[in-house]
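Numbering (the working numbering), first residue to last: 101 to 490.
Encoded as structure tokens, the structure appears first; notes follow it.
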Amino acid sequence: MKKRRICIVTGTRAEYGLLYWLMKEIQNDPSLELQIIATGMHLSPEFGLTYKRIEEDGFPVNEKVEMLLSSDTPVGITKSMGLGVIGFADALARLNPDIMVVLGDRFEILAAAQAAMIARIPLAHIHGGETTEGAIDEAIRHAITKMSHFHFTAAEIYRNRVIQLGESPERVMNVGAPGLDNIKKLKLLNRADFEKAVNFKITDLFFLITYHPVTLSKTKPEKAFRELLTAIDHYPEATIFFTKANADTEGRAINNMIDKYVENHSRRAKVYTSMGQLLYLSAIKNADIVIGNSSSGISEAPSFHKPTVNIGKRQQGRLKAVSVIDCEENAKAIIAAITKGLSPEFKKELRNTRNPYGSGNASFKIKEYLKHVSLENVLMKKFHDLNCDE
101 MKKRRICIVT GTRAEYGLLY WLMKEIQNDP SLELQIIATG MHLSPEFGLT
151 YKRIEEDGFP VNEKVEMLLS SDTPVGITKS MGLGVIGFAD ALARLNPDIM
201 VVLGDRFEIL AAAQAAMIAR IPLAHIHGGE TTEGAIDEAI RHAITKMSHF
251 HFTAAEIYRN RVIQLGESPE RVMNVGAPGL DNIKKLKLLN RADFEKAVNF
301 KITDLFFLIT YHPVTLSKTK PEKAFRELLT AIDHYPEATI FFTKANADTE
351 GRAINNMIDK YVENHSRRAK VYTSMGQLLY LSAIKNADIV IGNSSSGISE
401 APSFHKPTVN IGKRQQGRLK AVSVIDCEEN AKAIIAAITK GLSPEFKKEL
451 RNTRNPYGSG NASFKIKEYL KHVSLENVLM KKFHDLNCDE
């Protein structure tokens, strides 16, 4: 019996962490063949050459698509996308998958989706239907939805939005967020084991910070991030762990600021280019508060009943748990949000936090669907019109 070839594309450390258990599910299924294309930040020395982590985890990388230029200006990102389309065209011609799987909303994934569309390869998209009104990712995500044939959303409201975009309801499944599978399946580290793993003594107050550029903002990322650094200086007793920004427009400017801050505060601050899922989720588990504008503060931190200070508009429009505190991009507002998150009253409320993105097991559901779904005439998509009473 011929195995169904499922090709997964990954371009960032965070995205790989969300896809890990789906890759395991496919790899362990005797009727499926896993193919992996690594691209973007995975292949960059600047971002840690994280494709090596994929291989260390026991996954063979079938193709590497080099596309990331050293420039993170809008012109540089656009040129990177062009290189990506060319590279994915060659990779897909060699691999000839039955289905290609992509996740999210980054420019690397848009390049992959375009190549798959022209190659007439059925495309499955994870995390469609979401909104991030402060980032160009918003438009990229919805564009990928329209190029895709199968959709796996993280909440029912997002499933409805994908259908609203004209996708057939029978091809849109609400499976929850696959990132929560890590929380369910990984044996996360307690405080003592975490300190040993990172070789760093953590004080009684521990901040985990991940901040990315707000790509549609008129404010320079450096200015907004400087406000965050000013705010955390208000807590000189806190241990601070930074994870670096992605290769978004002007992300390098933020990373340079992080490096300088850690250099000047080396006794209480540490920076990671890539922590990996075990360390990162263990950091959330042991942190007192998660700060920044990363989606992990929205989708994963609530499962730990930890407060998230969500800064600015990058995640505006996303479904949020009661543990998420939104604030403006200025030091005064950030300090006020941190103070609220650390207060005994707010911590008491967190005990009843319900994560709106599910409770895990999304990867198995996705694998089972991809394994059994018919691919006959799948490329002939019809626009699903909503009736007036819908």
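For glycine and all other residues, C-beta sits at the position ideal for the given N, C-alpha and C.
Reduced DSSP secondary structure (H/G/I, E/B, other) of residue i
i	result
N355	helix
D489	With a pLDDT of 49 at D489, under the threshold of 50, the modelled position of that residue is not reliable, and no figure is offered here.
K471	helix
T245	helix
A219	coil
M141	helix
K164	strand
V275	coil
D157	coil
G551	As displayed, the chain neither begins before 101 nor continues past 490, which places residue 551 out of reach and without an answer.
T439	helix
G417	coil
V262	helix
I391	strand
K287	coil
D172	coil
I398	helix
M123	helix
F300	coil
S403	helix
E256	helix
K320	coil
Rounded straight-line distance, which links the Cα of residue j to that of residue i
i	j	result
G412	Y361	21 Å
V165	V390	33 Å
H334	A369	14 Å
K481	I340	49 Å
I108	L122	9 Å
E155	I240	28 Å
T310	A324	13 Å
G376	E163	21 Å
R220	P197	10 Å
F147	L486	44 Å
P130	N461	20 Å
T303	L442	15 Å
G117	E476	31 Å
I384	R271	34 Å
D426	N410	5 Å
S395	L132	31 Å
A338	E428	22 Å
K468	K440	According to the sequence provided, residue 468 is Glu. The question's Lys does not apply to it. Computed Cα separation, rounded: 43 Å.
S474	R105	14 Å
N346	H312	7 Å
K344	F483	40 Å
V371	G266	43 Å
R418	E363	34 Å
V161	Y151	8 Å
R498	K296	Within the shown structure, residues of the chain are numbered from 101 to 490, placing residue 498 beyond reach of any answer.
N260	S268	11 Å
H365	P336	10 Å
I218	L192	11 Å
E490	G351	Reliability of the predicted coordinates at E490 is poor, the pLDDT of 48 falling under 50, and the value obtained from them is presented with this limitation in mind. If you take the alpha carbons of E490 and G351, they lie about 41 Å apart.
G182	I244	16 Å
F342	L329	11 Å
G229	Q264	9 Å
Those residues which DSSP pairs with residue i across a bridge
i	result
R105	E133
M480	Looking at the DSSP assignment, M480 forms no beta bridge with any residue, so it has no partner.
A306	Note that residue 306 corresponds to Phe in the displayed sequence, not to Ala. Per DSSP, T339.
A224	V201, F250
A369	I340
M181	Looking at the DSSP assignment, M181 forms no beta bridge with any residue, so it has no partner.
V424	T408
G458	G458 is not bridged to any residue.
Whole-Å CB distance - residue i paired with residue j, under 8 Å assumed
i	j	result
I137	F159	Their Cβ separation, rounded to whole angstroms, is 11 Å, which puts I137 and F159 out of contact at 8 Å.
T112	M141	5 Å
S180	L168	6 Å
A215	L223	Actually they are not in contact, since the Cβ atoms of A215 and L223 sit about 10 Å apart, beyond 8 Å.
H227	S248	With 8 Å as the limit, H227 and S248 do not qualify as a contact, their Cβ atoms being about 11 Å apart.
T178	Q415	The Cβ separation is near 24 Å, so there is no contact.
K448	S423	Wrong, their Cβ atoms sit about 12 Å apart, outside the cutoff.
Closer than 7 Å: residue i CB and nearest the ligand NAP heavy atom
i	result
N196	Among the components modelled here there is no ligand, and therefore nothing to report on the ligand NAP.
Short CB-CB distance (under 8 Å) between residue i and chain B
i	result
L134	This model lacks chain B altogether, as it is built from one protein chain only.
Subject >> Inter-stretch contact (C-beta, 8 Å, three-pair minimum) for the region 200-219 and the region 373-391 >> reply: Taking 8 Å as the limit for Cβ pairs, the verdict is that the region 373-391 does not touch the region 200-219.
Original post:
Between the region 394-405 and the region 444-456, do at least 3 Cβ pairs fall closer than 8 Å?
Top reply: Because the criterion of three Cβ pairs below 8 Å is met, the region 394-405 and the region 444-456 touch.
Original post:
Just checking, does the region 247-261 make contact with the region 274-281 on the three C-beta pairs under 8 Å criterion?
Top reply: The region 247-261, when compared against the region 274-281, does touch it at the 8 Å Cβ threshold.
Original post:
Can at least three beta-carbon pairs, one atom from the region 258-273 and one from the region 284-304, be found at a separation below 8 Å?
Top reply: Flag = no, the region 258-273 and the region 284-304 do not touch.
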